[in-house]
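Trainee: The following block contains the structure, expressed as structure tokens.
Protein chains in written order, with my numbering: chain L, 1485 to 1904; chain U, 1485 to 1904.
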């Protein structure tokens, strides 16, 4: 049993959020710079806490890749500080009025961007998320409750304590950010029930974490379920360009959600494209699976099962399907895509435009790699996550997506007459 | 028990939504005009079905106001047709790209507006909602499942049948809109569980309906809980203007969500403002409740209880509170407002700006009546409802709020190098 009072933490965050909502950009940027300096000044304390987490993870025989993600170093702490300074450089989304229009009766109506309130983040091992999420929430005028992975508990506590003290040092509420100090899952369950105190939950992690949060939450959730991304090589495409884009999407960093899992190739170019491309993939250590037509074109490819078309490998594995038409490619993507990112390589303007319009995903690419699906790559600064949903946010979520718009109306005494 | 297969209806709507998402504005406008013509041509059939609903409601001794809202007439059907033609005149939100920017590597990134998919509407008595909702969903490229009130079942079935046939007559899917043909509540419950087939649920009706839908839904819900709107008369305000605005907000149509329920008056102007204003309210039949200071200024006012400050009267009743400062007014609104609409009457620019920024509501007014909180009054065309939430939509929901934005990215062969 845990005696930790998550409701009290959320109430304090709610109170802090009212102050943050009214804070100037200057004040928030001062806080972000203080947070960066705080991290650098307290690196010994953070590294000590992290060393305890790392030792515990090793003694529990966690996989080396996991231990690597958990481990903090001076350069990694410097990276976190740099990230916070970059967030300070971004424009303040709060208060932006995206346009005002004048009604026939003289009323001037517009939309003003405002914070959401209190955001809860539930994430897994990497402690740098603690600083990124805290920085993005603070800049967008939201308070945040951080619930990181059990294995990073000491690291996250140390980081959050430094960040909260830094926020307080410039006169903003210390409760603007807080990390849940217990790994107790009952606390997460309670947190997901705090409707009215927390406005949005963002889970970041594997499919299982996201499913559990979605199912358990009484608060709106924004997340991506998985990243099953396709690249479609169209008839008439520049095959050298197609090879570069598809190779990049599969090989450059296979373990991330915006990497390609399935390659679709139009039958007209399959014979010219696939043998050379598969040879190149194999040199990079990629295991290739394929439909019967793919197998007929390239020897030694194991058959792709129905399950393969729905599998996010996150690994050096690729399934390839030859399609007879553009429409067949669209239908395959509609059926198997996860709504994260989809790409076409084509020289045909009409099909490029149809792909952009008709493919239903957070990010749709013409002649570029799905690997660019990322807030920073899109020029929006750091990202809070990627949404594969349709409500509120779709695709990479930056500062804008941590806000909403209210209507503001300026009058000079206007009243309404329904009978007019 | 009901044998009605809501899942099959939702599946057909989902299939239709894919066609609607790709339909041109021209095609959708043709459908809207066919829907308008269809209603006029089939008015006899609709009036007959409605007469049965009205007779049943009368035999169940429904209140006259309820029967009035339920009753269709030729002018009301003409009004529905006119509404559909107005929706045809609005710009098509789908495909709009709200801006594109170019990245240093030459990628061009932007956001494109796309439909949500399938929308479920759950509403109470007025059958005109059937046509309004069907029209707005069609124009925004969404399929819709309509579940109206039990008492309007025959009317809604007749209207929806005519509208669906009209949509089919221009070559769009008949399943683009469908009305649930049974009053069985078990079907609503099942509908609220169709995650993956229905993308958004919009409940329209009383607090109880909205609470039941929120609690029972596994699909995201957008609604307004209630409308507890304030008007604050600031120190130094033009008191004649204040009287016009506050009178309009209370009296012009007291039974709607954007009517005022509580008047806040700065102590400096209370003695000059309240006696005359309360006299005018009383002439209009308004029952006035007040804080002790209000009672001291105007004889014969009954005390407002703590409960009054949280009550949406929807009637000719008003609670009045005298506040000692602008901040006290803000605090009262923060504590008791429902986030629908709030107004200040002021001559002070600084406080006007602070009110706009700091008051947390879907629509915030300076020197105008909260009664303007309405999609049509804001110049956005017909509205689908009003949201008091913060995710996705806040304030009146028009065509734009029935869409989301995806990222579109145009490249010329760009690939990503994480190590660059």
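For each residue, glycine too, the CB sits at the ideal point set by N, CA and C.
Got a sec? Which residues, its chain only, sit under 6 Å from residue 1716/U by beta carbon, not counting five neighbours each side?
Mentor: Result list for residue 1716/U: 1748, 1813, 1828, in chain order.
Trainee: Any C-beta of chain U sitting closer than 9 Å to the C-beta of residue 1716/L?
Mentor: Output row for residue 1716/L: interface = no.
Trainee: Kindly indicate the opening and closing residues of the alpha helix (DSSP H) around residue 1542/L.
Mentor: From DSSP, the alpha helix (DSSP H) with residue 1542/L extends over 1527–1543.
Trainee: Would you identify the three-state DSSP class for residue 1857/L, choosing helix, strand or coil?
Mentor: Reduced to three states, the DSSP call for residue 1857/L is coil.
Trainee: Determine, using beta carbons only, whether residue 1485/U comes closer than 9 Å to chain L.
Mentor: At residue 1485/U the pLDDT is 46, less than 50, meaning the model places this residue with poor confidence; the figure from the coordinates comes in the next sentence. Cβ-Cβ to chain L under 9 Å: no for residue 1485/U.
Trainee: Look up residue 1502/U in the DSSP assignment and say whether it is helix, strand or coil.
Mentor: Of the three classes helix, strand and coil, the one that applies to residue 1502/U here is helix, per DSSP.
Trainee: Would you be able to state if there are at least three C-beta pairs under 8 Å between the stretch 1834–1844 of chain U and the stretch 1849–1857 of chain L?
Mentor: The answer is no - the stretch 1834–1844 of chain U does not touch the stretch 1849–1857 of chain L, with fewer than three Cβ pairs under 8 Å.
Trainee: Answer yes if the stretch 1683–1701 of chain U comes into contact with the stretch 1721–1730 of chain U, meaning at least three C-beta pairs across the two stretches below 8 Å, and no otherwise.
Mentor: With the cut-off at 8 Å, the stretch 1721–1730 of chain U and the stretch 1683–1701 of chain U do not touch.
Trainee: From residue 1740/L to residue 1902/U, what does the alpha carbon distance come to, in whole angstroms?
Mentor: Approximately 12 Å between the Cα atoms of the pair.
Trainee: Tell me, to the nearest whole angstrom, how far the beta carbon of residue 1550/L is from that of residue 1609/L; I am working on the premise that it is less than 8 Å.
Mentor: About 6 Å; that satisfies the 8 Å criterion.
Trainee: At a Cβ cut of 8 Å, what residues of the stretch 1887–1903 of chain U count as close to chain L, listed as they run along the chain?
Mentor: The stretch 1887–1903 of chain U vs chain L, Cβ under 8 Å: 1888, 1889, 1890, 1891, 1892, 1893, 1894, 1895, 1896, 1897, 1898, 1899, 1900, 1901, 1902.
Trainee: At the level of alpha carbons, what is the spacing between residue 1602/U and residue 1496/U?
Mentor: Each residue's alpha carbon lies about 10 Å from the other.
Trainee: Quick one: grab the DSSP three-state call for residue 1745/L.
Mentor: Looking at residue 1745/L - three-state DSSP - the assignment turns out to be strand.
Trainee: Please confirm if residue 1675/L has its CB atom under 9 Å from at least one CB of chain U.
Mentor: Cβ-Cβ to chain U under 9 Å: no for residue 1675/L.
Trainee: Quick check: the stretch 1762–1774 of chain L against the stretch 1800–1816 of chain L, are at least 3 beta-carbon pairs closer than 8 Å?
Mentor: Taking 8 Å as the limit for Cβ pairs, the verdict is that the stretch 1762–1774 of chain L does touch the stretch 1800–1816 of chain L.
Trainee: Just to make sure I have the definition right: I need the residues of chain L whose C-beta is within less than 8 Å of the C-beta of residue 1640/U. Which are they?
Mentor: Simply none; closest approach about 25 Å.
Trainee: Measuring straight from C-alpha to C-alpha, what distance separates residue 1535/L and residue 1711/L?
Mentor: Rounded to whole angstroms, residue 1535/L to residue 1711/L spans 32 Å at the Cα level.
Trainee: Over the uninterrupted beta strand (DSSP E) stretch that includes residue 1911/U, give me the two end residues.
Mentor: This structure cannot settle anything about residue 1911/U, because the visible part of chain U is limited to 1485 through 1904.
Trainee: Starting from the N-terminal side, write out each stretch of the beta strand (DSSP E) that is 3 residues or longer and does not extend beyond the stretch 1591–1641 of chain U.
Mentor: Runs of the beta strand (DSSP E) inside the stretch 1591–1641 of chain U: 1592–1599, 1602–1607, 1627–1631.
Trainee: Using 9 Å as the limit for Cβ to Cβ distance, is residue 1851/U near chain L?
Mentor: Yes, residue 1851/U counts as interfacial toward chain L.
Trainee: Would you identify the three-state DSSP class for residue 1719/L, choosing helix, strand or coil?
Mentor: Coil, per DSSP.
Trainee: Is there a C-beta anywhere in chain U that falls below 9 Å from the one on residue 1746/L?
Mentor: False, the Cβ-Cβ gap to chain U never drops below 9 Å.
Trainee: Report the option in 1742/U, 1763/U, 1776/U, 1764/U whose CA atom is closest to the CA atom of residue 1751/U.
Mentor: Cα-wise, what sits closest to residue 1751/U is 1776/U.
Trainee: Could you tell me which of 1767/L, 1781/L, 1555/L, 1738/L sits nearest to residue 1756/L, measuring between CA atoms?
Mentor: The shortest C-alpha separation from residue 1756/L is found at 1781/L.
Trainee: Sorted by chain position, which residues of the same chain lie with C-beta nearer than 6 Å to residue 1688/U's C-beta, five sequence neighbours on each side aside?
Mentor: So the list reads 1607, 1869, once near-sequence residues are dropped.
Trainee: Taking Cβ positions only, does residue 1732/U come closer than 9 Å to chain L?
Mentor: Cβ-Cβ to chain L under 9 Å: yes for residue 1732/U.
Trainee: Which residue comes first and which comes last in the alpha helix (DSSP H) that contains residue 1736/U?
Mentor: Note, residue 1736/U: premise wrong, no alpha helix (DSSP H); not H, not E.
Trainee: Going by Cα to Cα distance, which pick from 1544/U, 1852/U, 1572/U, 1509/U is closest to residue 1725/U?
Mentor: The candidate whose alpha carbon is nearest that of residue 1725/U is 1852/U.
Trainee: State the Cα-Cα distance for the pair residue 1888/L and residue 1584/U, rounded to the nearest angstrom.
Mentor: One C-alpha to the other measures close to 21 Å.
Trainee: Per DSSP, what are the beta-bridge partners of residue 1864/L in this structure?
Mentor: DSSP, once it has assigned bridges, lists no residue as partnering residue 1864/L.
Trainee: Can you say whether residue 1809/L is buried or exposed, counting buried as having 16 or more other CB atoms within 10 angstroms of its CB?
Mentor: Classification of residue 1809/L: exposed, given that the 10 Å Cβ count is below 16.
Trainee: Sort 1793/L, 1833/L, 1899/L, 1831/L by Cα distance to residue 1817/L and report the nearest one.
Mentor: If we check each option's Cα against that of residue 1817/L, 1793/L comes out closest.
Trainee: Taking only three categories from DSSP, how would you classify residue 1710/L?
Mentor: Correct three-state label for residue 1710/L: coil.
Trainee: Just to make sure I have the definition right: I need the residues of chain L whose C-beta is within less than 9 Å of the C-beta of residue 1601/U. Which are they?
Mentor: 1844, 1874, listed in chain order.
Trainee: At a CB distance below 7 Å, what residues from the stretch 1558–1569 of chain L approach chain U? Give them in sequence order.
Mentor: Of all residues in the stretch 1558–1569 of chain L, none has a Cβ within less than 7 Å of some Cβ in chain U.
Trainee: Note down, in chain order, every chain L residue with its Cβ under 7 Å from the Cβ of residue 1879/U.
Mentor: Those within 7 Å of residue 1879/U in chain L are 1890, 1891.
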